[in-house]
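Number 307 in the numbering used here belongs to position 280 of the sequence shown; there are no gaps in the numbering.
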Amino acid sequence: MAASASGCSTTSFVGASVRPFLHKGSGDTLRPRSLVANAFQIRSVVRGPRSELEITHSQDTIPSRASSVSVLEQLKVSSADRYMKERSSIAVIGLSVHTAPVEMREKLAVPEAQWPRAIGELCSLNHIEEAAVLSTCNRMEIYVVALSWHRGIREVTEWMSKTSGIPVSELRQHLFLLRDSDATRHLFQVSAGLDSLVLGEGQILAQVKQVVKVGQGGRGLGKNIDRLFKDAITAGKRVRTETNIASGAVSVSSAAVELALMKIPNSQSLAARMLVIGAGKMGKLVIKHLAAKGCKKVVVVNRSVERVDAIREELKEIEIIYRPFTEMLSAAAEADVVFTSTASETPLFMKEDVETLPQVSKLVGGLRLFLDISVPRNVGSCVSGVESAQVYNVDDLKEVVEANKEDRLRKAMEAESIITEELKRFEAWRDSLETVPTIKKLRSYADRIRAAELEKCFQKIGDDALTKKIRRAVDDLSNGIVNKLLHGPLQHLRCDGSDSRTLDETLENMHALNRMFSLDTEKSIIEQKIKAKVEKAQN
């Protein structure tokens with residue numbers, strides 16, 4: 028494909044990881060950065076120990092099911108050797124509060140109820156084996172195991188463009204891409220709260236847990252992605268337990284409360300009339316932090332009263348007044364500060380709604396504050412044009428987050444050592460999986476020989492002399508001999524992945540057995556994967 032209009036030249040990336048897509052953040056922690064405008068348009072040659080592959084981007088639509096089957100059948104017949112040159116890769120492609128504005132994130136946001144559908148569509152792509160979606164107010168990230176990482180990423184990028192309606196050329200300006208150990212480290216950092224807008228916040232760990240819970244009910248969370256997310260949860264828990272990164276850390280909800288109080292004159296901050304729309308997790312945290320700041324009364328608008336009653340029972344130090352959704356505008360008319368945190372996919376407040384609201388008192392600043400911590404946004408961008416209102420969304424919380432930045436970064440550096448430990452554990456476990464196919468092939472090879480020789484033995488004995496007791500005794504004898512002969516080799520192929528020296532020796536043993544017995548394991552694995560993709564497409 029020709030270079031883009033911006034004149035980007037041909038670029039070569041050396042090595043297996045995608046370091047050009049990373050930059051060092053404060054505290055020497057790896058942070059994803061947005062890809063350059065034409066990062067997927069340039070012709071890039073990736074040279075590694077196993078492959079020399081050329082990346083070219085195409086904006087063609089995703090192939091139909093019939094054409095997918097045809098292509099995959101051709102791959103199975105003629106192209107398995109090409110795939111043997113590279114191991115299935117774990118990759119993450121997405122955008123976050125660090126790389127994309129809220130206007131773009133809300134277009135790509137996938138509600139939790141639609142995660143299974145999204146995972147199913149991703150796994151139906153030609154080169155994607157496993158997938159998971161992590162979609163929150165601050166990020167939309169897709170984790171995949173790709174049979175061919177560069178082809179898989181191209182397919183995922185096209186899927187994101189198709190589902191969001193955003194052209195690929197616009198998407199690539201904000202996407203980040205990480206592969207293998209970089210992708211794993213990133214998820215561990217996310218789970219630990221190190222990549223959050225509010226460093227150390229705890230809600231993201233619960234959201235990572237929810238990915239596992241939702242994924243276990245679908246077909247996308249295979250053994251690699253499942254283990255990846257579970258290890259990420261372990262890393263997140265360890266960071267919070269073994270460091271003090273969570274002490275004093277604020278959530279998005281508490282940062283919104285802090286920002287609201289910063290914008291109200293000090294003398295009137297506790298007298299301002301507070302309204303919270305939505306009584307979910309975020310709304311509950313807003314109420315909790317308002318109470319902690321000394322607020323004595325808050326009005327809560329929600330579709331049902333049950334959640335509000337539950338919050339009222341838990342937070343007895345603040346008066347909570349319930350209003351149904353049908354009274355949202357009248358409740359807003361009586362409020363100085365409006366917090367919105369619902370899952371609505373369309374705005375609750377538009378310019379014409381806010382223009383009809385009465386002016387707030389000059390004692391509280393003369394402007395009605397809207398703090399919208401929802402993605403997609405609950406307050407339309409057009410409301411910013413109303414003179415009597417001031418709108419803040421999650422991207423505006425950086426003003427609060429900058430406070431005590433140096434102390435939080437020091438805590439993040441302490442957490443990195445824990446993440447590195449968990450990263451090594453996960454990679455050792457994944458490396459150890461390479462021996463599993465060899466174990467199965469070796470066992471199958473021995474069983475075939477045993478069965479053939481057993482049949483010859485039974486024919487020599489003859490049906491007249493071959494009683495059930497003799498048949499069982501000979502069968503047990505042959506099984507015992509095979510098991511004892513295989514015990515040593517199989518023991519040297521088993522590894523828990525906790526000792527890198529033992530792992531290296533195990534992999535050497537695996538390659539030696541493959542050569543000695545002509546097991547051809549790698550080609551068999553690739554053919555099985557391609558066959559599985561063909562069958563999935565046919566179904």
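Glycine is no exception: its CB is placed at the ideal position from the N, C-alpha and C atoms.
Because the structure is a prediction, the values reported are computed rather than measured.
When Cβ pairs closer than 8 angstroms are counted between the two stretches, the stretch 281-298 is seen not to touch the stretch 493-501, the count staying below three. In the structure shown, P403 falls within a coil segment according to DSSP collapsed to helix, strand and coil. Around the beta carbon of A500, fewer than 16 other beta carbons lie within 10 angstroms, which makes this residue exposed. In this structure, N271 lies away from V172, with their beta-carbon atoms at least 9 angstroms apart. Shortest Cα-Cα distance from P128 to any of V160, G147, L204 and R166 involves R166. Scanning S208, R470 and A136 for the CA closest to the CA of S115 turns up S208.
The beta-bridge partner set that DSSP reports for N329 consists of P351. Of all alpha-carbon atoms in L204, A158, T261 and V183, the one lying nearest the alpha-carbon of G242 is that of A158.
Annotated as proximal: T447 and R212, with beta-carbon spacing under 9 angstroms.
In the structure shown, G121 falls within a strand segment according to DSSP collapsed to helix, strand and coil. Counting only residues of its own chain and dropping the five nearest sequence neighbours on each side, F352 has a CB closer than 8 angstroms to the CB of V328, N329 and R330. With a cut-off of 8 angstroms on Cβ pairs, the stretch 382-394 is not in contact with the stretch 308-328, counting fewer than three such pairs.
Beta-bridge partners assigned by DSSP to M167: L122 and S162. DSSP places N251 in the uninterrupted alpha helix (DSSP H) bounded by K250 to E269. Taking C-beta atoms as the reference points, F397 and A416 count as a pair closer than 9 angstroms.
Per DSSP, the beta bridge partners of E346 are K324. For Q230, the uninterrupted alpha helix (DSSP H) segment begins and ends at Q230 to G242. Beta bridge pairing from DSSP links E157 with V172.
Across the structure, E130 and L390 are spaced so that their CA atoms are roughly 33 angstroms apart. Per DSSP, L288 lies in no beta strand (DSSP E); the unbroken alpha helix (DSSP H) holding it starts and ends at V279 to K290. The Cβ-Cβ distance between V406 and L356 does not fall below 9 angstroms. For L288 and E361, the gap between their C-alpha atoms comes out near 18 angstroms. Non-local beta-carbon contacts of E346 in its own chain, meaning distances under 8 angstroms to residues more than five positions away in sequence, involve K323, K324 and V325 in chain order. Excluding residues up to 5 positions away in sequence, V402, P403 and R404 lie with their Cβ nearer than 7 angstroms to the Cβ of E133 in the same chain. Within the DSSP bridge table, the entry for M301 names V364 as partners.
Contact check for D399 against R300 fails: the beta carbons are separated by 9 angstroms or more. Boundaries for V225: no beta strand (DSSP E) harbours it, and the DSSP string shows neither H nor E there. Within its own chain, the residues whose Cβ lies closer than 6 angstroms to the Cβ of V124, once the five positions on either side in sequence are excluded, are N165 and L224, listed in chain order. Within a 10 Å sphere around the beta-carbon of K425 sit fewer than 16 other beta-carbons, which makes this residue exposed. A residue is called buried when at least 16 other Cβ atoms come within 10 angstroms of its Cβ; K189 does not meet this threshold and is exposed.
Around the CB of G147, fewer than 16 other CB atoms lie within 10 Å, so the residue is classed as exposed. In the structure shown, R206 falls within a strand segment according to DSSP collapsed to helix, strand and coil.
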